[in-house]
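In this note's numbering, the protein residues as written are 1 to 481.
Note that beta-carbon positions come from the ideal geometry of N, C-alpha and C, so glycine has one too.
All values derive from a computational prediction rather than experimental measurement.
Presented below is the structure to which this report refers.
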Ligand code: ADP
Ligand code: GLC
């Protein structure tokens with residue numbers, strides 16, 4: 001199949017979170033299975049284009065309206081066995097930020113979707129599948145059903161993947177005029193929302209099939225508690241909605257080959273993990289002590305991730321228990337400030353790095369004993385998968401992909417791969433942290449067994465990529481049938 005991915009992120013070229021990882025690793029897996037996969041992302045700022053890159057010889061014409069065509073450049077390079085196209089259009093993407101505080105998001109990302117589709121038409125590469133990711137690409141399925149329906153692209157089926165329902169692209173209705181989309185789209189059972197346009201809602205109505213990144217999240221988003229107002233639309237489309245758990249790219253996240261960790265290790269020989277722990281304690285200014293349990297956090301510091309709950313219980317935990325925490329993250333200023341202040345109160349026990357640092361993220365996964373993810377909602381979550389493959393036991397709230405990928409600890413015989421808690425409350429998290437401390441200090445044989453269980457699971461993309469291929473097949477039958 002010919003598959004076009006339209007995404008705002010692609011690791012390592014442009015990444016703020018797991019979306020970039022997912023699009024990269026799914027594309028590589030599908031291409032390795034023999035599909036012709038092309039990924040279309042904006043060229044933010046000056047994403048470097050070295051020897052591997054070629055620029056399309058003609059300017060690419062984006063036909064916004066019959067009277068208005070804009071021209072841009074498209075760069076291409078191999079990406080595993082797939083290909084990546086970078087859309088260079090500096091009016092929108094030259095300044096470099098992926099999302100930022102801009103007010104013209106609707107136009108930037110609407111332009112990206114249309115440019116991707118018009119580039120296919122101009123180069124006579126007509127995809128069978130247009131796979132759009134999250135709200136920024138939400139208008140692609142709408143364009144396929146309207147202004148490009150009678151072109152060669154009209155036979156392409158569209159797949160829309162919800163990575164995060166919280167961000168929907170609520171914008172003014174001008175975006176319809178900008179793309180010359182028909183005004184009838186502005187109704188309640190279409191794109192309309194509070195008088196404006198909801199880009200994600202458009203995709204939910206117009207995509208041939210909808211996927212999300214775990215089976216549990218696919219159920220959760222059909223309920224008011226997790227639906228962010230769109231649960232009625234998701235229930236309406238339930239027959240076309242599937243949850244497929246993300247895999248991980250084991251060329252990037254693998255303790256046996258990780259060049260970003262100080263030393264490598266495997267489930268059979270964990271001696272390297274102890275070296276990674278000591279190196280992480282040293283690097284982050286924690287007391288170097290093999291016997292003290294070390295808890296890691298790497299996350300965007302937003303409400304979704306529930307780390308305000310952790311900040312609230314840390315004084316009690318650190319004040320009483322023999323334990324250490326290392327946190328890497330950036331996001332809400334109040335939360336960054338709170339963690340920095342706590343780090344000053346508990347030197348040697350709590351180390352906080354504000355910022356984005358991929359190499360340190362690898363060293364935390366490699367060196368920590370536990371990894372904390374108290375998410376209020378988590379469509380899939382990749383860090384718990386990385387953690388388990390590095391023998392770092394995740395402590396998770398039982399929601400979304402966390403519930404689907406971590407198995408809770410039970411004793412006699414020792415089973416599980418991590419620790420669970422249910423409510424998004426401080427007391428429930430505190431209870432789970434106490435259980436983790438008990439596991440570490442009082443049940444060392446169980447702790448060692450859980451590590452083995454976690455490290456020997458298969459989180460590769462093999463199964464999930466095959467599930468996507470099946471959805472593509474069935475979407476094509478629906479579209480062409
Ligand atoms: P989300 O996509 O909601 O942020 P995921 O768990 O799916 O959550 O993916 C997060 C990804 O982003 C992981 O690869 C994680 O290592 C990375 N990440 C998040 N924050 C940082 C940071 N401050 N520094 C480095 N990597 C980060
Ligand atoms: C989103 C979700 C996260 C998921 C990632 C990749 O950012 O918040 O849970 O793992 O997308 O699908």
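What residue from the options has the CA that sits closest to residue i's CA?
i	options	result
residue 176	65, 307 and 251	65
residue 313	427, 98, 182 and 105	427
residue 390	346, 413, 256 and 329	256
residue 117	145, 106, 408 and 418	145
residue 405	394, 368 and 339	394
residue 174	165, 198 and 155	198
residue 332	304, 326 and 351	304
residue 112	71, 465, 201 and 151	71
residue 104	286, 178 and 352	178
residue 462	203, 29, 433 and 353	29
residue 315	275, 268, 433 and 359	433
residue 286	324, 302 and 202	324
residue 408	376, 446, 130 and 67	446
residue 202	425, 185 and 215	185
residue 168	153, 148, 107 and 230	230
residue 336	352, 383, 275 and 95	352
residue 423	460, 382, 23 and 377	377
residue 158	349, 23 and 141	141
residue 148	361, 63, 443 and 354	63
residue 57	76, 334, 69 and 67	76
Using beta-carbon positions only, say whether residue i and residue j come within less than 9 Å of one another.
i	j	result
residue 73	residue 84	no
residue 162	residue 126	no
residue 290	residue 278	yes
residue 160	residue 136	no
residue 300	residue 319	no
residue 379	residue 180	no
residue 248	residue 298	no
residue 18	residue 246	yes
residue 92	residue 59	no
residue 82	residue 31	yes
residue 293	residue 264	no
residue 400	residue 220	yes
residue 233	residue 205	yes
residue 119	residue 87	yes
residue 151	residue 121	yes
residue 284	residue 326	yes
residue 27	residue 3	yes
residue 367	residue 448	no
residue 33	residue 469	yes
residue 431	residue 441	no
residue 472	residue 36	no
residue 438	residue 155	no
residue 295	residue 207	no
residue 1	residue 38	no
residue 8	residue 98	yes
residue 166	residue 79	no
residue 259	residue 460	no
residue 270	residue 22	no
residue 114	residue 130	no
residue 238	residue 222	yes
Are the segment 42 to 49 and the segment 7 to 19 touching by the rule of at least three beta carbon pairs closer than 8 Å?
yes
Report the residue ranges of all alpha helix (DSSP H) runs contained in full by the segment 260 to 323; include only those spanning at least 4 residues, in chain order.
271 to 283 and 307 to 320
Mind pulling the alpha helix (DSSP H) runs of 4 or more residues that sit fully within the segment 128 to 183?
139 to 145 and 174 to 178
Do the segment 307 to 322 and the segment 450 to 467 make contact, defined as three or more Cβ pairs closer than 8 Å?
no
Decide yes or no for the touch test of the segment 395 to 415 against the segment 367 to 379: beta carbon pairs closer than 8 Å, at least 3 of them.
yes
Does the structure place the segment 341 to 358 close enough to the segment 411 to 420 that three or more beta carbon pairs sit under 8 Å?
no
Run through the segment 53 to 136 for me and flag every whole beta strand (DSSP E) of 3 or more residues, listed as ranges in chain order.
60 to 65, 68 to 79, 82 to 88 and 129 to 133
Pick out every residue whose C-beta is nearer than 7 Å to a heavy atom of the ligand GLC: which are they, in chain order?
17, 18, 19, 21, 22, 163, 164, 213, 246, 304, 378, 379, 380, 381, 382, 400 and 401
Curious, which full-length beta strand (DSSP E) runs of at least 3 residues does the segment 8 to 52 contain?
36 to 42
Are the segment 186 to 194 and the segment 238 to 245 in contact at 8 Å, needing three or more beta carbon pairs?
no
Could you name each continuous beta strand (DSSP E) segment of 3 residues or more that falls completely within the segment 183 to 241, going from the start of the chain to the end?
196 to 198 and 209 to 212
Run through the segment 331 to 392 for me and flag every whole beta strand (DSSP E) of 3 or more residues, listed as ranges in chain order.
350 to 354 and 370 to 373
Contiguous alpha helix (DSSP H) assignments of at least 4 residues, all confined to the segment 402 to 476
426 to 442 and 444 to 455
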